[in-house]
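J.: Read top to bottom, the protein sequences are chains A and B.
Offset between the first sequence (1-based) and our numbering: plus 109.
Offset between the second sequence (1-based) and our numbering: plus 181.
We treat Cβ as the ideally placed atom computed from N, Cα and C, and that holds for glycine.
Take a look at this one; I'll ask things after.
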Amino acid sequence: MSGLNLNHVTKQFGNFTAVNDVNLSVPDGTFVCLLGPSGCGKTTLMRMIAGLDLPTGGSIQLGGADITQVPTHKRDLGMVFQSLALFPHLTVGENIAYSLRIRGTPKDIQKKRVDELLAMIHLPGFADRSVAKLSGGQRQRVAIARALAISPKLFLLDEPLSALDAKLREAMQVELRQLQQRLGITTIVVTHDQREAMTMADTVVVMNGGEIRQAAAPVDIYRRPADSFVADFIGQTNLLPVAADSAGRASVLGELVEGIALPAGAAKGMLSVRPEDVQLTAPGHGAIAGTVTFIRDLGGAIETFVEAGGTQVIAVSSPRNRPDVSVGQSVGIRLDPATSVVLAR
Amino acid sequence: MRREPPQRLADYGPLFFPAGMLIVFFVVPFATMIAVSVFQREQGGFYTPAFVFDNYARFLSLFFGKVLGFSLFLAIAVAAACVVIGIPFTYLLSRSPRKIQIVWLVALLSILSLSEVMIGFAWSTLFSRTAGITNLFVWLGLMAQAQALTPSFGAVMTAMTYQAFPYTVLVLYPALVRLDPTLTEAARTLGASPVKAFFTVVVPALRNTILATLIMVFIFALGSYLLPQLLGRPQHWTLSVLITDQAIYQSNMPFAAAMAVFLVLVSLALVGLALYAGQQRQAK
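Structure follows, in structure tokens:
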């Protein structure tokens with residue numbers, strides 16, 4: 110089996126389990142984002158893939174070969190560090206050529222490859238500059254070019270864009286995704302920024318507490334979260350308690366809602382409803398009763414905060430469909446079963 | 182706050198004290214030494230003011246040339262040994278747990294509290310036949326018979342390296358602690374083995390620090406005059422030993438001063454050469 114495969118990968122530091130029984134299959138040429146809050150084990154998992162940390166259990170395969178115990182420098186990979194780790198004593202060109210020099214590549218081939226890579230990252234003619242004199246975005250590009258110099262099988266990036274300002278970060282996200290698609294290289298990015306993950310990834314792997322909570326395409330992660338952690342971590346969501354009566358009919362915040370069913374036998378659950386899927390109507394007629402507590406007009410979107418049955422529900426609407434409500438008004442909330450996801454927890 | 186260049190004489194006030202100390206304790210004695218170096222020696226007595234180059238002419242001989250050559254060689258050897266041992270040692274130290282670092286640093290600092298005399302006698306005991314480490318080797322079965330390791334060149338080198346080692350570590354330590362540990366990790370992901378990463382990333386990134394350390398230990402070792410006498414044979418005596426001998430036992434101040442001036446000039450020239458070479462490589 111080609112691609113990257115993680116089988117029951119576990120890492121323990123003393124009594125602390127940083128990564129717990131992770132199974133993941135990354136087909137060749139895909140872009141995977143490891144997403145999660147800090148301390149969720151995503152960086153440790155990446156360091157194990159790179160060989161900088163060794164797993165305490167499980168195995169890692171790359172391109173069909175077991176690389177669990179292979180030292181880092183013999184794995185065919187390129188990595189961009191959070192600190193970028195550009196070598197301060199080398200010029201831009203020498204930094205990019207480092208992996209070639211280590212492998213004893215002839216000087217003229219090194220130079221040709223450096224020029225190619227500098228053109229690729231839109232910094233032609235920068236070979237003789239000192240890395241200390243580059244801007245943040247330029248340093249970022251040089252680190253990417255250095256990692257790609259030997260055309261590795263696997264491209265790893267650990268929070269690569271976290272040092273850049275918001276605007277540059279968004280531009281680099283698009284650029285990185287386009288670069289990855291052009292080169293068709295298997296890429297894994299660690300990030301805590303869900304927008305970044307949604308922009309770039311084919312597959313988003315949401316981690317928490319050292320475990321994978323869900324691994325799926327960005328839209329699926331957003332539309333069909335596997336549990337309440339994923340639903341809450343990715344974007345904004347309303348998590349509403351659901352209760353089922355003896356006949357199996359589900360009620361949300363005390364109001365029966367047609368079309369929503371809890372798993373057989375479960376009496377309680379959670380419903381995840383995205384704010385843009387919450388409809389505000391006139392009270393009564395089977396709608397969940399609530400009171401508007403706050404309205405936030407962000408220009409591009411209007412957020413209406415509704416208090417219903419002791420829970421705050423947020424509804425987002427576009428300016429074209431501005432809800433005709435004001436603070437203190439009683440409103441009804443309607444949920445569409447098609448866009449509501451029932452979660453066990 | 183914006184710093185203004187000093188306008189009036191009083192603005193230079195803070196500089197007066199260090200400048201005064203420098204003049205009283207460095208410039209005046211050094212100027213005196215230069216002056217004495219051209220004075221005329223009086224046999225059996227002291228010296229009379231004069232302006233002669235006899236003292237300089239006297240050591241332009243093969244004997245003093247050899248001693249000077251050996252002194253420089255010894256100082257360079259000690260500096261090289263300190264740096265070669267000190268860099269890997271300090272690198273590993275900077276990556277070990279905090280507690281271990283503190284124990285080592287305190288131990289190294291305590292060496293600084295030992296005088297050259299104590300270090301010299303300690304090593305001469307350790308290297309002696311009757312009470313030295315060779316007895317331990319005999320007991321371990323590594324050696325057939327205990328033997329004296331001093332006086333010898335090795336003994337001089339060992340003691341001088343021991344004496345200069347704490348300084349080496351103290352100069353290298355801050356630079357190595359500040360060195361981003363992900364630099365070596367990056368080198369490893371780019372295909373360098375840990376040893377190769379050390380030599381292609383850690384050592385070059387610390388080039389200036391290493392050069393500074395070499396120069397510092399070199400000058401420190403050049404001034405050593407007790408250890409070569411305690412642990413070495415007469416052919417291992419440095420120019421500093423001869424200066425002491427001339428100044429204290431032969432009462433030939435002008436000649437001692439001339440040798441001292443010459444030693445200062447030669448070492449300044451070597452340091453300048455090293456700095457120049459370092460800058461040339463950096464500019465490249």
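Check distances from the C-beta atoms of the segment 280–292 of chain B to those of chain D and list, in chain order, the residues that come in under 8 Å.
T.: Annotation note: the requested chain D is absent from the structure, which comprises protein chains A and B.
J.: Please classify Pro372/A as buried or exposed, where buried requires at least 16 other C-beta atoms within 10 Å of its C-beta.
T.: With fewer than 16 Cβ atoms within 10 Å of its Cβ, Pro372/A is classed as exposed.
J.: State the beta-bridge partners of Asn114/A as determined by DSSP.
T.: Asn114/A is bridged to Ser134/A and Gln170/A.
J.: Answer yes or no: do Val298/A and Leu154/A have a C-beta to C-beta separation smaller than 9 Å?
T.: No. Outside cutoff.
J.: Tell me whether Val328/A is buried or exposed, calling it buried when 16 or more other Cβ atoms sit within 10 Å of its Cβ.
T.: Answer is exposed; the Cβ neighbour count stays below 16.
J.: Could you give the DSSP three-state label for Ala336/B: helix, strand or coil?
T.: Of the three classes helix, strand and coil, the one that applies to Ala336/B here is helix, per DSSP.
J.: Can you tell me the Cα-Cα spacing of Asp386/A and Leu349/A, whole angstroms?
T.: Near 13 Å, if we compare the C-alpha coordinates of Leu349/A and Asp386/A.
J.: Closer than 7 Å by C-beta to Met324/B: which residues in its own chain qualify, once you throw out the five before and the five after it? Chain order, please.
T.: Correct list, in chain order: Thr315 and Phe318.
J.: Counting along the chain, where does the beta strand (DSSP E) carrying Asp406/A start and finish?
T.: Start and end: Ile397 to Asp406.
J.: By DSSP's criteria, Thr300/A is part of a beta bridge. Which residues make up the other side?
T.: Leu144/A.
J.: Taking the alpha-carbon positions, what's the Arg156/A to Glu366/B distance?
T.: Each residue's alpha carbon lies about 10 Å from the other.
J.: Since Glu389/A sits in a beta bridge, which residues does DSSP pair it with?
T.: According to the sequence displayed, residue 389/A carries Leu and not Glu. Paired residues: Ile442/A.
J.: Interface residues of chain B around Phe196/A at Cβ under 9 Å?
T.: Chain B residues near Phe196/A: Leu364, Ala367, Ala368, Thr381, Val382, Pro385 and Ala386.
J.: Quick one: list the residues of chain B neighbouring Ser208/A, beta-carbon separation under 7 Å, in chain order.
T.: Correct list: Leu371 and Gly372.
J.: Judging by CA-CA distance, which residue of Thr311/B, Glu297/B and Leu449/B is the nearest neighbour of Gln410/B?
T.: Taking only the C-alpha atoms, the option nearest Gln410/B is Glu297/B.
J.: Between the alpha carbons of Ala340/B and Tyr406/B, how many angstroms are there, rounded?
T.: Cα to Cα, the separation comes out at about 12 Å.
J.: Please go through the same chain and pick out, in chain order, the residues whose beta-carbon is closer than 7 Å to the beta-carbon of Asn129/A, but skip the five residues on each side of it.
T.: These residues qualify, in order along the chain: Thr119, Gly319 and Glu320.
J.: Strictly below 8 Å CB to CB, what residues from chain B border Leu186/A?
T.: Chain B residues near Leu186/A: Thr370.
J.: Counting only C-beta atoms, is Ile176/A closer than 9 Å to chain B at any point?
T.: Not closer than 9 Å to any Cβ of chain B, the Cβ of Ile176/A fails to qualify, so no.
J.: Who are the neighbours of Lys377/B on chain A, taking C-beta pairs under 9 Å?
T.: What Lys377/B touches in chain A: His182 and Ile211.
J.: Rounding to the nearest angstrom, what Cα-Cα distance links Ser252/B and His182/A in this structure?
T.: Rounded to whole angstroms, Ser252/B to His182/A spans 44 Å at the Cα level.
J.: So the alpha helix (DSSP H) Leu78/A belongs to, where does it begin and stop?
T.: The structure shown has nothing for residue 78/A, since chain A only spans 110 to 454.
J.: What separation, rounded to the nearest whole angstrom, lies between the Cα atoms of Phe270/B and Leu407/A?
T.: The alpha-carbon atoms of Phe270/B and Leu407/A are separated by roughly 59 Å.
J.: To which residues of the same chain is Ile253/A closer than 7 Å at the C-beta, ignoring the five residues directly before and after it?
T.: Val189 and Ile230.
J.: Would you verify that the beta carbon of Asp235/B is, or is not, closer than 9 Å to some beta carbon of chain A?
T.: Judged by the 9 Å Cβ criterion, Asp235/B is not in contact with chain A.
J.: Taking Gly378/A and Val451/A to be in contact with their CB atoms under 8 Å, please state how far apart those CB atoms are, rounded to whole angstroms.
T.: Their Cβ separation, rounded to whole angstroms, is 6 Å, which keeps Gly378/A and Val451/A in contact under 8 Å.
J.: Near Met309/A, what residues of its chain come up, given a Cβ to Cβ distance below 7 Å and the 5 sequence neighbours on each side ignored?
T.: Only Phe140, Cys142, Gln282, Leu285, Arg286 and Val298 meet the Cβ criterion.
J.: Give me the Cβ distance between Ser449/A and Leu380/A, rounded to the nearest whole Å; I'm assuming they're in contact under 8 Å.
T.: With a Cβ gap of about 5 Å, Ser449/A and Leu380/A count as contacting.
J.: Count the other CB atoms within 10 Å of the CB of Ser421/B; is the residue buried (16 or more) or exposed (fewer)?
T.: Buried: at least 16 other Cβ atoms inside 10 Å.
J.: Less than 9 Å between the beta carbons of Phe220/B and Val233/B, yes or no?
T.: Yes, the Cβ-Cβ distance between Phe220/B and Val233/B is below 9 Å.
J.: Starting from Ser275/B, follow the beta strand (DSSP E) in both directions and report where the run begins and ends.
T.: Note, Ser275/B: premise wrong, no beta strand (DSSP E); alpha helix (DSSP H) at Leu243 to Ser275.
J.: Using a Cβ-Cβ cut-off of 8 Å (strictly less than) and excluding sequence neighbours within five positions of Ile400/B, which residues of its own chain qualify?
T.: Within the same chain, Ile400/B has close Cβ partners Ala256, Ser448 and Val452.
J.: Is it buried or exposed, Arg184/A, if we count other Cβ atoms within 10 angstroms and call 16 or more buried?
T.: Flag for Arg184/A reads buried.
J.: Output needed for Ala127/A: all residues of its chain with C-beta closer than 8 Å, excluding positions within five of it in sequence on either side, in chain order.
T.: Here the set comprises Lys120, Gln121, Gly150, Thr153 and Gly319.
J.: First and last residue of the alpha helix (DSSP H) that includes Pro409/B?
T.: Unbroken alpha helix (DSSP H) run through Pro409/B: Leu408 to Leu412.
J.: Assign Ala439/B to one of two classes, buried (16 or more other C-beta atoms within 10 Å of its C-beta) or exposed (fewer than that).
T.: So Ala439/B counts as buried.
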